[in-house]
Amino acid sequence: MHKFGFFVGAASIALVTGFAPSSAAAQVADTTATDSAVSDEVEAQDGGIVVTARRREESIVDVPIAISAFTSQTIADRGLNSVNAVAQQTPGLQFDRGATAGDIRPSLRGIALIEGRSNVAIIVDGIDVTGVSLNTTIGGGGSQTSTTLMDLERIEVVKGPQTVYFGRSAFAGAIQFVTKDPSFNLGGSIQAALGDFDRRELSATITGPIVDDTVAAKLTATYRNFGGFYTNPGNGMGLGGSEIWGVGGSVLVRSGGFKGKFSLSYLDEHSSPIGAYVIPRPNVTQFGVNKITADTFNEALVGISSNIDYAGNMAETLRGVANLSYDAGNGWTIDSITGINKVTSTDQYDFDTKTPNTPSGTALAGGLLNCLPGVCVGIGDFDGDLQQISEELRLSYDAGSMRFLLGGYYFDEAFKQLDYTRFVGSQAFVTGTRSGITPRLSTLDTKTYAGFGSIEADVTDALTLTGELRFNHEIIKASAATGFNILFQNGSTAITFRGQETFNSWLPRFSLKYKLSTEANLYASVAKGSKPGGFNVGQVIDSLRPFGQESVWTYELGAKGRLFDGALTFDASLYYSDWRDVQVTTICYGTASPFGPEAACPTATAVSLNYIVNADKARVKGAELGLVAKPLEGLTLTGNYAYADSKFVDFVARDVYPSPAGVTRQFGGNRMPLIPMHSLSGSIRVEEPVSETATGFVEFLARHRTSRYARFDNRVLIGAKTVADLQIGVKGESWTALFFVDNLFNDKTPEFTRYYGNFNPSTPNGEFIAAPAKRALGVRLSKSF
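Residues -26 to -1, 1 to 759 in mature numbering (1 follows the signal peptide of the UniProt record, and there is no 0) are what the sequence shown lists, from first letter to last.
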């Protein structure tokens, strides 16, 4: 009876809290977004979680940087096996997927990714694996970043410019994934999940010694299947689903002062086309705002053409890392990280998003080349090949009151894209094959040379000063065939554009830390970040092809620590970011549009095309607060809040429809796209023994974000969203069994939308709306041995 009462009482608390999701979300925050919410295995001597955000092991409380951390137990319990899952648990971090499964857009602390290279670095075992973008039809931050990870020990979300330690992509911050080391004790683990929407997951790891205490090895395998929340009405294809399998292995070598970890992994990922639909914007006045909410979302419209089974996004990732360290004694250490990352991918999707697929009308030889009245057909179809090679070498000194680091970095990236995208005038000519289509080639090659260093000194027992500096020298080369495959024409397949630019940047960071006690610190920092420019490879005029490097200075004050013998953990910060030359996507109407062609793209054979320009200035004012309280044994309460007031200050650009082509106006004062001003999350967790060897638990989690605009013109407003999750389970010393419900109240507010123009004349001035996740439930089981 006692055990039954525990579950009923705990569930009642969770459900009562959840039935008022807005107010509950305002008071609670995610349990994993701070260090002491989880502290299962990677602990400092003072009981706090250890992180490696500054390339050395430190207690998270002692690092003068805002960091959210997740350890392996939380990763397993929450199913945090992708970047998207991490973003859902971290206020201030957004991870949006756009018009395709490969269109990813991570943003952090109000620094939005509108298009082009990611603003947030994705780091796996010390190497940068962030994808790239050629600013083609796909857009976003690159379809090559594998967002599926295996056998993780820890995840660190490091906020603010982190280019000194993480380099080229850490403009707004970094997400670092650290895999588990092989163990010298024979053991392993199995994790499984079953749920609705054809959810099936199974992962297994085995590890143990190979040569006494010198060599250990680990093998990992994973399989995940998800059928998707939506079904295409024409052919029954699941939309937004995925199937993933992967294998990996690592070897750990220890001898004297030497430690080497050698890792190799392979992942095969297949994501079906996303569920979405296109509708005309109801309000077409110049300053009218169209609102997209759960009430306006129409599930009956979700679907794509059914004449072929679109492949969606397919990617194969082969990744190798050699992480070497030598302790030379007397505080001196030499470290080397060598990385190889190779990704081959295919993106194929229904470009016109027209669900009925009935031929209509007669194919035209001119005028609206790809559109007929009521009919517009296009297939987005790309092959990509990405190869990244990197080497980082560091010399560090850590003894007593001074710490020193000096390093060098080399990065070589080669990306090739073959574009089979085709538009035709009648649906009778659409096939799923590439027969007769000559692909258009685009390439992007990047070489980065960098040197970096830091020095940290304890001026007094309480005061520590740190200075850091990185110099980046980046050479970017691009080439492209800029035409389209359109109506009985194979397009221009010859290379019609070649460009090269060099970008240099000095990136300092200065911080001050004042120790209030052994468990509480104040800190202040100022840091600069930069993101290199690049090239527009579409059919724009030559003067618009290159776009410039953007930069940001971030000023921050913070406090973090533990009080009352660890019963309360806090992390708070205030920051201001001065953001210059912001890379922003705008559009140009081509010859196939009744509004074109414009002077920026006079020969473009498309209806419209995207290209990047630089906005002069933007700024972000922000604040963050994280709390974890353990007022009673078995009860944990958490709360996190992120405020980001992100706006353009000076941005003159051409307006979009319905304004006449080529008309410009000032967008200063507009909010940055895809950035909510307020986001928060939280949890209530109750644990109580149910037997001598098992503990029962109930955990209620909620997250909320306020409304956000879809584009820089602020004409489409995505409504506020509140999502609650519930877990009920039992755990023992080496096992866990739990039942989960994601999106408990089935909030169907769309997460992403974008302007889709007039590609389909049945939906003029169209808005592409990505279908949101539904309520999902299932069970998770884990066992270690």
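C-beta: ideal position from N, C-alpha, C; glycine also. None of the values given here were measured: they were computed from a predicted structure.
When C-alpha distances from Tyr139 are compared across Lys705, Tyr394, Arg173, Ile101, the shortest belongs to Ile101. Secondary structure within the stretch 358 to 404: the beta strand (DSSP E) runs of 3 or more consecutive residues, fully enclosed, are 376 to 393, 396 to 398 (chain order). By the beta-carbon neighbour count (other beta carbons within 10 angstroms, threshold 16), Glu130 is buried. Counting only residues of its own chain and dropping the five nearest sequence neighbours on each side, Leu601 has a CB closer than 6 Å to the CB of Phe544, Gly613. A straight line joining the alpha-carbon of Ala668 with that of Ala498 spans about 45 Å. Excluding sequence positions up to five before and after Arg677, its CB lies within less than 6 Å of the CB of Ser655, Val697, all in the same chain and listed in chain order. Residue environment: Lys621 is assigned as buried (16 or more neighbouring CB atoms within 10 Å of its CB, all protein chains considered). Sequence-distant Cβ neighbours of Phe378 in its own chain, meaning closer than 6 Å and more than five residues away, are Tyr371, Ile429.
Between the alpha carbons of Asn58 and Phe69 lies a distance of about 6 Å.
DSSP lists His244, Thr320 as the beta-bridge partner residues of Met288. For Asn478, the enclosing beta strand (DSSP E) stretches over residues 471 to 491. Ranked by how close their Cα comes to the Cα of Asp125, the residues Asn297, Thr528, Gly220 have Gly220 in first place. Distances from the alpha-carbon of Ala50 to those of Ala268, Ile449, Ala43, Glu127 put Glu127 closest. Contact between Ile692 and Pro724 holds, with the beta-carbon distance rounding to 6 Å and staying under 8 Å. As computed with DSSP, Arg414 is found in a beta bridge with Asp393.
Separation of the CB atoms of Asp386 and Lys421 is rounded to 6 Å, and the pair is thereby assigned contact status at 8 Å.
Here the C-alpha atom of Gln523 lies approximately 19 Å from the C-alpha atom of Gly512.
If you draw a straight line from the Cα of Asn264 to the Cα of Tyr730, it comes to about 14 Å. Rounded to whole angstroms, Gly374 and Arg536 show a C-alpha spacing of 24 Å. When Leu548, Ser657, Asp269 are compared, the shortest CA-CA separation from Arg52 is found for Ser657. Residue state for Ser280 is assigned as coil, using DSSP reduced to three classes. One Cα belongs to Arg519, the other to Gly507, and the distance between them is close to 11 Å. Between Leu531 and Ser547, the alpha-carbon positions lie close to 6 Å from each other.
For the pair Gly222 and Ile649, the Cα-to-Cα distance works out to about 36 Å.
Rounded to whole angstroms, Asn304 and Lys748 show a C-alpha spacing of 57 Å. Bounds of any alpha helix (DSSP H) do not take in Ala684, whose DSSP letter is neither H nor E. Under the 10 Å beta carbon count, Met376 is surrounded by fewer than 16 other beta carbons and is classified as exposed. The alpha-carbon of Pro568 is positioned some 13 Å away from that of Pro576. Taking a cut-off of 8 Å for Cβ pairs, the stretch 178 to 188 and the stretch 199 to 209 do not touch, as fewer than three such pairs fall below it.
The shortest CA-to-CA distance from Ser551 to any of Val594, Gly214, Ser665, Asp516 is the one to Val594. Annotation for Leu751: Gly169, Asp170, Phe713, Phe714, Val715, Asp716 place their beta carbon closer than 8 Å to its own, counting only its chain and skipping 5 residues before and after. Put simply, the backbone Cα of Thr440 is about 21 Å away from that of Asp309.
Shown here for Val98: same chain residues with a beta carbon closer than 6 Å to its own, the five before and five after excluded, namely Phe151 in chain order. For Asp539, no alpha helix (DSSP H) segment is defined, and its DSSP state is neither H nor E. As far as DSSP is concerned, Glu666 takes part in no beta bridge. Taking the Cα positions, Ser157 is about 13 Å away from Thr194.
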